[in-house]
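Novice: Provided herewith is a single structure, encoded as structure tokens, for subsequent inquiry.
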Amino acid sequence: MQNYRDENIKVLEGLEPVRKRPGMYIGSTDVHGLHHLVWEIFDNSIDEVISGNADTIKVILEKDNSITIKDNGRGIPIGINPQSHMSTIDTVFTVLHAGGKFDDNAYKTSGGLHGVGASVVNALSEWMVVLVNRDNKVVESKYENGGKIVQSAKVVGTTNRTGTTVSFKPDPKIFKVTNFNPSVIKERIRESSFLYKNLKIIFEDKINNETNEFFSKNGISEYVGFINDGKSTITSVASFSGTGSDNIEIDIALQYTTDTSEIIVSFANSVKTIEGGSHETGFKSALTESLNEYARKWNLLKEKDKNFEGEDVREGLTAVVSVRVPEKIIAYEGQTKNKLFTQEAVSSVKKFFGERFNYWLEENKKDATKIIQKALLSRDARIAAKKAREDTKKIKNANQTLLLSGKLTPAQSKQYDQNELFLVEGDSAGGTAKLARNKKHQAILPLKGKILNVEKARLRDLLANEEICTIISSLGAGIGNDFKIENLKYDKVVIMTDADTDGAHIQVLLLTFFYRFMRPLIEKGHVYVALPPLYRISNKNNSQIAYAWNEQDLEEQKSHFKSFEIQRYKGLGEMSADQLWETTMNPDTRQFLKVSIQDAVLAERRVNVLMGDNSTIRKEWINNNVDFSLDEE
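Mapping to our numbering: the sequence shown position 223 is 225, numbers consecutive.
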């Protein structure tokens, strides 16, 4: 037995716990955790906006991949904190659970909760500099190596301005990736500009030499219009703002489109709640009840018909739900604040929105009737889809993996967290992949050409499509509202197609399918695109072999040969099993692109434009964004 003595008990002081277990504070040390550092500091500036003390925020991505966030708020107090006996600035940035969010007199509502944001960012940074303008003074503090004070707060100048500027660089000893993604930052900034009318946010990207300014006069109504740009709408934008019970401020805007999907974007105290929570629950409940009551009142639902279900009335809905919850009752699931847990928000939002939406329906009967008519179509489609699902289940064999049409070659292992499913273009390439694969952990599913464009189809149409049913059944996690990521049978779902326009089109169709009906598959990082090489370079006796993925790579590889022969792969089927394994399927040598959603609103707009019914908008986008000219030799 190992010794277990007094000296085995370790006490972590200051910010050491954060560096020891960063995931507890920011969720992860991957790219998501990296950007969470930005949100923690940015949300502190937003809190100054919420309190009415700031109207301008500037975010700068520096050339060295450090971040600067500057606001014109009140500025952090610059005196000595009576509890820590340090400067208040140093206290905020070096002591966990220190901040103004615990005092209702400082902030009635805020995005921060636990008072750990600023100090956590400092703990996980290589260096940080804080500059505060307050009381006609400029005060500066400097920290290095995880929050160690190298310059305690001191006056370095005078000013008649107020505000706080925080600059920091993530510590590469903590993070797997330290390069910020400008698109991710811009999405968050854009969202915040819509949430707060007349707030100016400037994003300066010094790496790419770009500057963007975000400003909204009409708030979330404008946000809904932005999301629905290019879509066919069937109602006007309805917006509702006010204060519900428990002093919860509520801001909701919605509009219906001809789409078959729903989009609900929610926020709590300016923080995007990507997993929803109690405010979304209250909104959805009120929406369903109000539309059922309206349909019954005006005989738009037959007496024998059952009430609409939630998914019936949310088809085609685009809604933004934003709440500002007082500090004394705000509660999230975890420090990363992905889900609001404040139970008072359910009843507050439900009552507030229900009353106002009922009135709106009576005042906008044409729009109300269109919503009910769409809900009726959605209900019929849901019933048909349910029947199709039941018919699909009949082909299951309880003792084996689903093998629709005998096409799926499953992995032998039941260790789903290590298994991979390759969706392969064509039977020929599928046959080669079956020979090339690692039988224990790699499964192969050949596809016959191009699958259905699901952007133009309902769920019942999908379930009548053999190729799509095969994919659904192979993954084992369901589809649409029934999709359960915990039932997924593969850690990686890999799209493997030829490197040509047909292959690219198949990729887009599959990605659209996953995005619309299995979105958690992408959000949780399970979808990949395989990158097979374009060229094989070898000498005459094949004693020296190399592969190239593009023209530049080809020229580089050619320089390593005295004489060579080049084979241009026109498709996966031209590769031998050994070549396909070595270049595209072997975890040690392959190249994959991981599919992610970096800008949710932009992704929605692109999918709608490129895959939707409106060919005029698609043609306009292609003409504006695609260069058809040929480069001159």
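Backbone N, C-alpha and C fix where the C-beta goes; we use that ideal spot for every residue, glycine too.
Rounded to the nearest angstrom, what separates D580 and R570 at their Cα positions?
Specialist: Along the sequence shown, read from residue 1 onward, the residue named residue 580 stands at position 578. Along the sequence shown, read from residue 1 onward, the residue named residue 570 stands at position 568. Near 17 Å, if we compare the C-alpha coordinates of R570 and D580.
Novice: Are the Cβ atoms of L289 and F242 separated by less than 9 Å?
Specialist: One-based indexing of the sequence shown puts residue 289 at position 287. One-based indexing of the sequence shown puts residue 242 at position 240. No, the pair does not count as a contact, with Cβ atoms beyond the cut-off.
Novice: Assuming K199 contacts G221 (C-beta within less than 8 Å), just tell me the rounded distance between them.
Specialist: Indexing the sequence shown from 1 puts residue 199 at position 197. Indexing the sequence shown from 1 puts residue 221 at position 219. So it is a contact: roughly 5 Å between Cβ atoms.
Novice: Taking only three categories from DSSP, how would you classify G427?
Specialist: Here residue 427 corresponds to residue number 425 of the sequence shown, with the count starting at 1. A small correction: the amino acid at residue 427 is Glu; Gly does not occupy that position in the sequence shown. DSSP places E427 in strand when its eight states are reduced to three.
Novice: If you run the structure through DSSP and keep just helix, strand and coil, what is D369?
Specialist: The count along the sequence shown starts at 1 and reaches residue 369 at position 367. Here D369 sits in helix by DSSP.
Novice: Does DSSP classify E329 as helix, strand or coil?
Specialist: To locate residue 329, count along the sequence shown from 1; it is residue 327. Here E329 sits in coil by DSSP.
Novice: Among A333, V186 and V510, which one has its Cα closest to the Cα of V603?
Specialist: Position 601 of the sequence shown, counting from 1, holds the residue named residue 603. That would be V186, whose Cα lies nearest to the Cα of V603.
Novice: On the three-state DSSP scale, how would you describe V496?
Specialist: Here residue 496 corresponds to residue number 494 of the sequence shown, with the count starting at 1. If DSSP states are grouped into helix, strand and coil, V496 belongs with the strands.
Novice: Could you give the distance in angstroms between the alpha-carbon of P19 and the alpha-carbon of A125?
Specialist: Stepping through the sequence shown from its first residue, residue 19 is reached at position 17. Stepping through the sequence shown from its first residue, residue 125 is reached at position 123. Straight through space, the alpha carbons of A125 and P19 are spaced by roughly 9 Å.
Novice: Quick check on the burial criterion: 16 or more other C-beta atoms within 10 angstroms. Buried or exposed for Q85?
Specialist: Position 83 of the sequence shown, counting from 1, holds the residue named residue 85. Classification of Q85: exposed, given that the 10 Å Cβ count is below 16.
Novice: Please look up how many angstroms separate the CB atoms of S287 and K352, rounded, as I've assumed it's under 8 Å.
Specialist: Numbered from 1 along the sequence shown, position 285 holds the residue referred to as residue 287. Numbered from 1 along the sequence shown, position 350 holds the residue referred to as residue 352. Indeed, because the Cβ distance is near 5 Å, the residues count as touching under 8 Å.
Novice: Judging by CA-CA distance, which residue of S415, T283 and D615 is the nearest neighbour of D261?
Specialist: Within the sequence shown, the letter at position 259 stands for residue 261. Here the closest residue by C-alpha is D615.
Novice: Would you mind stating whether I59 and I69 have Cβ atoms separated by less than 9 Å?
Specialist: Here residue 59 refers to the residue found at position 57 when the sequence shown is read from its first residue. Here residue 69 refers to the residue found at position 67 when the sequence shown is read from its first residue. No. Outside cutoff.
Novice: Have a look at G244, N67, E305 and F269 and flag the residue whose alpha-carbon is nearest the alpha-carbon of E206.
Specialist: Numbered from its first residue, the sequence shown carries residue 206 at position 204. The shortest Cα separation from E206 among G244, N67, E305 and F269 belongs to N67.
Novice: Rounded to whole angstroms, what is the Cα-Cα separation between A120 and N340?
Specialist: Here residue 120 corresponds to residue number 118 of the sequence shown, with the count starting at 1. Here residue 340 corresponds to residue number 338 of the sequence shown, with the count starting at 1. The straight-line gap from Cα to Cα measures roughly 18 Å.
Novice: Assuming F216 and I203 form a contact by the criterion Cβ under 8 Å, report the distance between their Cβ atoms to the nearest whole angstrom.
Specialist: Taking the first residue of the sequence shown as 1, we reach residue 216 at position 214. Taking the first residue of the sequence shown as 1, we reach residue 203 at position 201. Indeed, because the Cβ distance is near 5 Å, the residues count as touching under 8 Å.
Novice: Indicate whether the contact test is met: 3 or more Cβ pairs, each with one atom in the stretch 495-505 and one in the stretch 522-534, closer than 8 Å.
Specialist: yes
Novice: What do you get for R23, buried or exposed, if any count of 16 or more other CB atoms within 10 angstroms of its CB means buried?
Specialist: Taking the sequence shown and counting its residues from 1, one reaches residue 23 at position 21. Exposed: under 16 other Cβ atoms inside 10 Å.
Novice: How many angstroms separate the CA atom of F182 from the CA atom of K306?
Specialist: In the sequence shown, residue 182 corresponds to position 180, counting from 1. In the sequence shown, residue 306 corresponds to position 304, counting from 1. Going by the C-alpha atoms only, they are around 57 Å apart.
Novice: On a Cα-Cα basis, can you pick out the residue from A605, E606, I52 and E295 that is closest to S324?
Specialist: Taking the first residue of the sequence shown as position 1, residue 324 is located at position 322. Nearest of A605, E606, I52 and E295 to S324, Cα basis: I52.
Novice: Counting Cβ pairs closer than 8 Å, one from the stretch 269-288 and one from the stretch 361-368, do we hit at least three?
Specialist: no
Novice: Suppose contacts are defined by Cβ-Cβ distances below 9 Å. Is Q270 in contact with T167 by that definition?
Specialist: Taking the sequence shown and counting its residues from 1, the one referred to as residue 270 is at position 268. Taking the sequence shown and counting its residues from 1, the one referred to as residue 167 is at position 165. The sequence given here has Ala at residue 270, not Gln. No; because the gap between Cβ atoms is not below 9 Å, this pair is not in contact.
Novice: Using 8 Å for Cβ pairs, my map puts V132 next to V158. What's the rounded Cβ distance?
Specialist: Within the sequence shown, the letter at position 130 stands for residue 132. Within the sequence shown, the letter at position 156 stands for residue 158. Rounded, the Cβ-Cβ distance is 11 Å, inconsistent with contact.
Novice: Look at H281 and L379 and say whether their C-beta atoms are less than 9 Å apart.
Specialist: Against the sequence shown, residue 281 aligns to sequence position 279. Against the sequence shown, residue 379 aligns to sequence position 377. At least 9 Å separates the beta-carbon of H281 from that of L379.
Novice: Going by DSSP, what residues sit across from F216 in a beta bridge?
Specialist: As a working note, residue 216 is residue 214 in the sequence shown. For F216, which the question treats as bridged, DSSP gives the partners I203.
Novice: Per DSSP, D73 forms a beta bridge with which residues?
Specialist: Stepping through the sequence shown from its first residue, residue 73 is reached at position 71. Its beta-bridge partners are I59.
Novice: For a test of the three-state rule: what should DSSP assign to R570, helix, strand or coil?
Specialist: Residue mapping note: residue 570 aligns to position 568 of the sequence shown, counting from 1. Strand.
Novice: What would DSSP say about K621, mapped onto helix, strand or coil?
Specialist: Locating residue 621 in the sequence shown gives position 619, where the first residue counts as 1. Reduced to three states, the DSSP call for K621 is helix.
Novice: So what's P184 in DSSP terms, helix, strand or just coil?
Specialist: Looking up residue 184 in the sequence shown gives position 182. Helix at P184.
Novice: State yes or no: is the C-beta of I568 within less than 9 Å of the C-beta of L512?
Specialist: Indexing the sequence shown from 1 puts residue 568 at position 566. Indexing the sequence shown from 1 puts residue 512 at position 510. Contact flag unset, no.
Novice: With a threshold of 16 other CB atoms inside 10 Å of the CB of S407, please say whether the residue is buried or exposed.
Specialist: Working through the sequence shown from its first residue, we reach residue 407 at position 405. In this prediction, S407 has a pLDDT of 46, which is less than 50 and means its spatial position is unreliable; nothing more can be read from the coordinates.
Novice: Alpha carbon to alpha carbon, how far is N401 from N588?
Specialist: Locating residue 401 in the sequence shown gives position 399, counting from the first residue. Locating residue 588 in the sequence shown gives position 586, counting from the first residue. Confidence in N401 is poor, its pLDDT being 36 and thus under 50, which makes the residue's placement unreliable; the coordinate value appears in the next sentence. Roughly 30 Å separates the two Cα atoms.
Novice: Which term fits P174, buried or exposed, when burial requires 16 or more other beta carbons within 10 angstroms of its beta carbon?
Specialist: Residue mapping note: residue 174 aligns to position 172 of the sequence shown, counting from 1. With fewer than 16 other Cβ atoms within 10 Å, it is exposed.
Novice: Using the C-alpha atoms, what's the distance from V152 back to S30?
Specialist: Here residue 30 refers to the residue found at position 28 of the sequence shown. Here residue 152 refers to the residue found at position 150 of the sequence shown. So the alpha carbons of these two residues sit roughly 27 Å apart.
Novice: Compare the beta carbon distance of T411 and A445 with 9 Å and say whether it is the shorter of the two.
Specialist: For the purposes of this step, residue 411 is taken as the residue at position 409 of the sequence shown. For the purposes of this step, residue 445 is taken as the residue at position 443 of the sequence shown. When the beta-carbon positions are compared, T411 and A445 come within less than 9 Å of each other.
Novice: DSSP puts W129 in a beta bridge; with which residues?
Specialist: As a working note, residue 129 is residue 127 in the sequence shown. Its beta-bridge partners are E146 and K171.
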